[in-house]
Amino acid sequence: MHILGPIPALLKQKLDVKSSSCGFTHDELLKVWKGLFYCMWMQDKPLLQEELGRTIAQLIHAFQTTEAQHLFLQTFWQTMNREWTGIDRLRLDKFYLLMRMVLHESLKALKTQGWEERHMEQLLALLTMEILHPDSQAPNGVKSHFIEIFLEELAKVGADELTADQNFRFIEPFCRIAAQTKDSVVLHNITRGIFETIVEQAPFAIEDLMNEMGAEDVSEGDEEEQDEPPEKLPRGEDDHASHVTCLHLCSTCPGLSRPRGPVSVLAPSLSLRNKHVPLSPSSHSAASP
């Protein structure tokens, strides 16, 4: 059976028509997602799995309002939470892929809306309620994978335009959960997947800052410095700067201790300092770490 076929295309047409008229109810979208879940279940060819997953995830853009998009996302995560324990290990990878693609497209939808603060808060509240909150029905496998992929997908979609303040807004729900949770697995996953990733990015933020300061020196006509490369930190001070960035993040999240341990590189990296802070060496204002 060729699962890709006309099914997603016909469904998109129906979503377009109904979402622009009376809209879908919660129960109707749960039925839609149950069908899409088993479409993915039946597709065993890796390349077609990826294509099908992308097609399914992009259905979010067929909805005409933010509220309808969020209901579509809510019923997706509720479906994953309900069906997760029945997924055998041979099929796990395809549903990991589907979760990643749905998260990616939900962030793209937010980007299309100009990262509007109200819509951002609504999306984060939805994801917190359905996945991160201790009272959610999300199994550990769903929570762990979501935490693991969140910053990576956010960086892919918004690294070029999100400000430091917006990035901290995205990170804030993880701070709250880490400060409140009694689940050591969730705390460990947030520490590794969120905080340590941020600490690893600190040297890149420092390098960008030094480059911008060097560029400003040149633009001001400083002939003595324009031919010199931006000042580099003494050996060992980049680790100190990373540590300071980590402490700054934790200071915004009451109840958190500083992250520890080795980390891995994430690319592209997210901005973790406010780009609107003056960078002139003569300025008395310091850039946020």
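Counting in full-length UniProt numbering, the sequence shown runs from 1 upward without gaps.
For each residue, glycine too, the CB sits at the ideal point set by N, CA and C.
Please read all numbers here as calculations on a predicted model, not as lab measurements.
Within the segment 56-91, complete alpha helix (DSSP H) segments of at least 4 residues are found at 66-83, given in chain order. Residue 100 counts as buried, since at least 16 other C-beta atoms from the protein chains shown sit within 10 angstroms of its C-beta. Taking C-alpha positions only, residue 23 is separated from residue 70 by approximately 13 Å.
For residue 36, the uninterrupted alpha helix (DSSP H) run begins and ends at 26-42, by DSSP.
When secondary structure is reduced to three states using DSSP, residue 135 falls in the coil class, being assigned neither helix nor strand. Residue 147 and residue 189 do touch by the CB rule: their CB atoms are close to 5 Å apart, below 8 Å.
Contact check for residue 132 against residue 186 passes: the beta carbons are separated by less than 9 Å. Contact between the segment 150-161 and the segment 105-114 is present: 3 or more CB-CB pairs across the two stretches fall below 8 Å. In the structure shown, the three-state DSSP call for residue 114 is coil.
With distances taken between CA atoms, residue 32 lies nearest to 79 out of 79, 126, 117. Here residue 45 carries a coil assignment [DSSP, helix/strand/coil]. Counting only the Cα atoms, residue 161 lies some 32 Å from residue 81. Under the three-pair Cβ rule at 8 Å, the segment 114-123 does not count as touching the segment 175-185. Where residue 169 is concerned, the enclosing alpha helix (DSSP H) starts and stops at 164-180. In the three-state DSSP reduction, residue 93 falls in the helix class (H, G or I).
Here residue 60 is near residue 73, since their CB atoms are less than 9 Å apart. For residue 147, the enclosing alpha helix (DSSP H) stretches over residues 140-158. Annotated three-state conformation of residue 193 is helix, per DSSP. Comparing alpha-carbon positions, the option among 43, 51, 177, 66 lying closest to residue 123 turns out to be 66. Your pair residue 159 and residue 52 does not check out as a contact, with CB atoms roughly 27 Å apart and the cut at 8 Å. When DSSP states are grouped into helix, strand and coil, residue 161 belongs to the coil group. Of the candidates 86, 93, 175, the residue whose Cα lies closest to the Cα of residue 44 is 93.
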